[in-house]
Amino acid sequence: MKITACYIVKNEAASLAKSLASIQQAVDEIIVVDTGSTDQTKEIAQKYRAQVYDMPWQDDFSLPRNYALSKAKGDWVIFLDADEYFPARFAKKIRPLIKKTAAQGHKGVILIRRYDIDPDADNEILADAFVMRILYNNKDFRYEGSIHEELLDKGKSIHDYLIVPPEKLHLLHTGYRTSLSLDKARRNLSLLLKELETTDNPGRLYGFLADAYLGLEDADNAWKYAIMDVEQGRRPTTYASRSYRILLQLAVQYHVTLEERYQLCCLAVKNFPELPEFHAELAECLAGKENFSAAIMEMNKAFSLYHNYQGIEPMLMDEEMIKMAKMRKKQWERQNE
């Protein structure tokens, strides 16, 4: 079994070596597609014996990704961004994991958890999500979308996946550090708006547009596109819940009524019944309506989901939120006596 690592890069000299070092023991070849670096990126890649290919940047991330896939000779591909790396303790575990998966006859993708950390804030974890980074080298697997590109199988969403528990393998990602977030939001917005003018699937972009506008503190447009995204129902993509979170975050600013917030929470719970934080939000609305019995039941449901969560949609509830939720529940119990 042969494994190929793939990258697309541009001016990644500051981070590429760490990523390559984390993967080199696990792979048989490294493919790097460079879209116009002016620093030492290509030289660093060559030090790790990577095959480096030049490709002009065309405002479309899917093009160099697919070009890299076309050069991969491995049976399996690990496709990383230059600012992603595996912790050192996993160096000797990656190949056996893929080999075991292949022996089971799986020929789809492997989902691994990625933690977004901020090196500017002592590696604080900003978010986490399951991502498609390990895939069988299937000629029908191709990326689509100029940004936030999705891996598709003959143009359709991939449902043949295995989930690896994070204690067995996970990635760290430094691309959303505080010092870079505004620049990335501006770049993302520019590419998204360009794609919006030509795509025949604009619904794919609404959630990403809402997120980009929120990052640029443009609440009006963030609200607008989040509403458009929510109106589509749950989309078959990781972090499809993001637009619901944006609306709940902006609800106070827009003076949303209790009833409107309640309806939004009901919709979030309907589409994402596995996420405890939406049940906790709904519990708060029920308490606001002085329906304390229902609020207590809903919060208990949030607690149960939190302690037994195994979904792939990112869960943002944490122990601090649980402590606050327990305090709120005690208040409701007293008021319900």
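In terms of full-length UniProt numbering, the sequence shown has 125 at position 125, counting the first letter as 1, and numbering is strictly consecutive.
The beta-carbon is built from N, C-alpha and C at its ideal position, and this holds for glycine as well.
query: Do F272 and E313 have their beta-carbon atoms positioned less than 8 Å apart in this structure?; result: yes
query: Roughly how many angstroms separate the alpha carbons of A88 and Y7, rounded to a whole number?; result: 19 Å
query: I'd like the list of long-range same chain contacts for S19, defined as Cβ closer than 8 Å, with 5 residues on each side in sequence excluded.; result: Y7, L80, D81, A82, D83, E84 and Y85
query: Can you give me the start and stop residues for the beta strand (DSSP E) that R65 sits inside?; result: Here R65 belongs to no beta strand (DSSP E); instead the alpha helix (DSSP H) covers S62 to K71.
query: Under the assumption that I112 contacts V164 (Cβ atoms under 8 Å), give the Cβ distance between them as a whole number of angstroms.; result: 5 Å
query: Skipping 5 residues on each side, what residues in its chain have a beta carbon closer than 6 Å to that of A50?; result: I30 and V32
query: Compute the Euclidean distance between the alpha carbons of A129 and T238, then round it to the nearest angstrom.; result: 7 Å
query: Between the stretch 114-134 and the stretch 55-65, do at least 3 Cβ pairs fall closer than 8 Å?; result: no
query: Between which two residues does the beta strand (DSSP E) holding V9 run?; result: I3 to V9
query: Apart from the five residues on each side of it in sequence, which residues of its chain come closer than 6 Å, Cβ to Cβ, to residue 338?; result: The question about residue 338 has no answer here: the residues shown for the chain are numbered 1 through 337.
query: Is M55 helix, strand or coil by DSSP?; result: coil
query: Does the Cβ of W57 have 16 or more other Cβ atoms within 10 Å, making it buried, or fewer, making it exposed?; result: exposed
query: Since I believe G74 is in contact with N137 (beta carbons under 8 Å), could you give me their beta-carbon distance rounded to a whole number of angstroms?; result: 6 Å
query: Under a Cβ-count criterion, where at least 16 other Cβ atoms within 10 Å of its own Cβ denotes burial, should P276 be classed as buried or exposed?; result: buried
query: Does DSSP put H170 in a helix, in a strand, or in coil?; result: strand
query: By the DSSP assignment, the alpha helix (DSSP H) with D220 in it spans what residues?; result: A219 to V230
query: Nearest by alpha-carbon distance to E124: which of S146, G175, H159 and A102 is it?; result: G175
query: Return the bridge partner residues of L151 from the DSSP annotation.; result: Y143
query: Thinking E110 and L151 are a contact (beta carbons under 8 Å), I'd like their distance in whole angstroms, please.; result: In the sequence on display, residue 110 carries Ile and not Glu. In fact, because the Cβ distance is near 12 Å, the residues do not count as touching under 8 Å.
query: Could you check where the beta strand (DSSP E) with A129 kicks off and where it finishes?; result: E124 to Y136
query: Going by DSSP in three states, E195 sits in which element: helix, strand or coil?; result: helix
query: When the distance is taken between beta carbons, is K194 closer than 8 Å to S146?; result: yes
query: Hey, out of D183, Y254 and N336, whose CA is closest to A294's CA?; result: N336
query: Rounded to whole angstroms, what is the Cα-Cα separation between V269 and E298?; result: 10 Å
query: Locate the alpha helix (DSSP H) running through L111, then write down its first and last residues.; result: Element bounds for L111: not the alpha helix (DSSP H) but the beta strand (DSSP E), V109 to D118.
query: Would L171 and R114 qualify as a contact pair, given that the criterion is a beta-carbon distance under 8 Å?; result: yes
query: Within 10 Å of its beta-carbon, does L247 have 16 or more other beta-carbons around it, so buried, or fewer, so exposed?; result: buried
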